[in-house]
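Per this note's numbering, the sequence shown starts with residue 65, numbered consecutively.
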Amino acid sequence: MEYYYSDIPVSGNKIILLEEEHTHCSRVKRHKQGDVIFILDGKGTQFDAEISEIRRNETILTVLEKTVENPFKTEKIIAISPTKNPSRLEWFVEKATEIGATSIIFVQCERTDKKTLKEDRLKKITVSALKQCGRKFLPNLHFISSLQEVNHCIRLKDFQKYIAHCRQNEVHMMKKVDSSKNQIILIGPEGDFTDSEILWALNNSFMPVSLGSNRLRTETAGLYALVCMGLN
């Protein structure tokens, strides 16, 4: 099944594809008037739509059927330090979207290699992953400049909260997880969290957990943690 993405609100029973989606539909795939394609809005809705008109800069579609998927019962959030290699971070974002993370928070920790993240690029990667796997919800992306800002960008009431760090032997995350509850985990940079960051997390009710005995890349640890959460 071939998916396209549009975040433009449906007007009546009409959907519009613009820019890259329009180009891919009309020029790459060479769809014609009367063809039926499938549109995702990233908010839980799939539209089965017929192409009614192809213009120079837009494709106009008529909705034939709408399917609405219920939101996730629980939130599964990862707050992760951006990797030094941008391609590794992009790989993580793609896979986290496919698995079903509800939010990804990019945290500039004290030991994070400071680089300006390409927010538009990361959003496009989530859209591409959404279309690839047919999921109905895009993850929310947040960009913060310190670990302490986590509490400000997400309301964490009634969350199970974890921090994975390398300071001491902790109970494996799988033994603490309750997949029926909202969950968030903090994943640090290559040099790990600083003592002050770990202290802040512990003082804010984050439980220290282990992700196993192997040393994992930041992006690998992030995906492993998402799987441990028992994603939707």
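A virtual CB, placed ideally from N, CA and C, is assigned to each residue, including glycine. Being a predicted model, the structure only gives us computed values, none of them experimental.
C-alpha distance - residue 264 paired with residue 138, whole-angstrom precision: Here residue 264 refers to the residue found at position 200 when the sequence shown is read from its first residue. Here residue 138 refers to the residue found at position 74 when the sequence shown is read from its first residue. Cα to Cα, residue 264 sits roughly 25 angstroms from residue 138.
Along the chain, which unbroken stretches of the alpha helix (DSSP H) at least 4 residues long are found entirely within the stretch 141-220? Qualifying alpha helix (DSSP H) stretches, in chain order: 150-163, 183-197, 214-217.
Give the straight-line distance between the Cα atoms of residue 228 and residue 288, rounded to the nearest whole angstrom. Along the sequence shown, one-based indexing puts residue 228 at 164. Along the sequence shown, one-based indexing puts residue 288 at 224. About 11 angstroms.
Contact between the stretch 143-161 and the stretch 258-277 is defined here as three or more beta-carbon pairs at a separation below 8 angstroms; is this criterion met? no
Just the Cα atoms here: how many angstroms apart are residue 296 and residue 136? Taking the sequence shown and counting its residues from 1, the one referred to as residue 296 is at position 232. Taking the sequence shown and counting its residues from 1, the one referred to as residue 136 is at position 72. With a pLDDT of 44 at residue 296, under the threshold of 50, the modelled position of this residue cannot be trusted, and the question is left open.
In this structure, how does DSSP classify residue 250 when only helix, strand and coil are distinguished? Position 186 of the sequence shown, counted from the first residue, corresponds to residue 250. The answer is strand: DSSP assigns residue 250 an E or B state.
How long is the line joining the alpha carbons of residue 89 and residue 252, rounded to whole angstroms? For this step, residue 89 is matched to residue 25 along the sequence shown. For this step, residue 252 is matched to residue 188 along the sequence shown. The alpha-carbon atoms of residue 89 and residue 252 are separated by roughly 40 angstroms.
Using only the alpha-carbon positions, how far apart do residue 154 and residue 194 sit? Position 90 of the sequence shown, counted from the first residue, corresponds to residue 154. Position 130 of the sequence shown, counted from the first residue, corresponds to residue 194. Roughly 14 angstroms between the two C-alpha positions.
Give me the DSSP bridge partner(s) of residue 228. Counting from 1 along the sequence shown, the entry for residue 228 is found at position 164. Its beta-bridge partners are 251, 273.
Can you name, in chain order, every residue of its own chain whose Cβ lies under 8 angstroms from the Cβ of residue 69, other than the five neighbours on each side? Position 5 of the sequence shown, counted from the first residue, corresponds to residue 69. Answer for residue 69: 85, 103, 104, 105, 106, 191, 194, 195, listed in chain order.
For residue 117, does the three-state DSSP call read helix, strand or coil? Taking the first residue of the sequence shown as 1, we reach residue 117 at position 53. It is a strand residue.
Could you work out which residue in 122, 249, 108 is closest to residue 198 when comparing CA atoms only? Here residue 198 is taken as the residue at index 134 of the sequence shown, counted from 1. Among 122, 249, 108, the Cα nearest to that of residue 198 belongs to 108.
Collapsed DSSP secondary structure at residue 296 in the structure displayed: As a first step, residue 296 must be located in the sequence shown, where it is residue number 232. At residue 296 the pLDDT is 44, less than 50, meaning the model places this residue with poor confidence; the figure from the coordinates comes in the next sentence. Coil.
Less than 8 angstroms between the beta carbons of residue 237 and residue 173, yes or no? Within the sequence shown, the letter at position 173 stands for residue 237. Within the sequence shown, the letter at position 109 stands for residue 173. In this structure, residue 173 does not lie closer than 8 angstroms to residue 237 by Cβ.
According to the Cβ coordinates, are residue 273 and residue 214 closer than 8 angstroms? As a first step, residue 273 is located in the sequence shown; it is residue number 209 there, counting from the start. As a first step, residue 214 is located in the sequence shown; it is residue number 150 there, counting from the start. No, the pair does not count as a contact, with Cβ atoms beyond the cut-off.
Tell me which residue opens and which closes the beta strand (DSSP E) that residue 258 is part of. Working through the sequence shown from its first residue, we reach residue 258 at position 194. It is not in any beta strand (DSSP E) - residue 258 carries neither H nor E in the DSSP assignment.
Since residue 112 sits in a beta bridge, which residues does DSSP pair it with? Sequence index remark: in the sequence shown, residue 112 carries index 48 (1-based). Its beta-bridge partners are 102, 129.
Close Cβ partners of residue 165 (< 8 angstroms) along its chain, the five nearest in sequence each way excluded: Translated into positions along the sequence shown, residue 165 becomes position 101. For residue 165, where only same-chain residues beyond five positions count, the Cβ hits under 8 angstroms are 140, 141, 142, 203, 290, 295.
Taking buried to mean at least 16 other C-beta atoms within 10 Å of its own C-beta, is residue 216 buried or exposed? Numbered from its first residue, the sequence shown carries residue 216 at position 152. Under this definition residue 216 is an exposed residue.
Return the bridge partner residues of residue 122 from the DSSP annotation. Position 58 of the sequence shown, counted from the start, is the residue given in the question as residue 122. Residue 122 is bridged to 82.
What is the DSSP secondary structure of residue 96, counted as helix, strand or coil? As a first step, residue 96 is located in the sequence shown; it is residue number 32 there, counting from the start. It is coil, neither helix nor strand.
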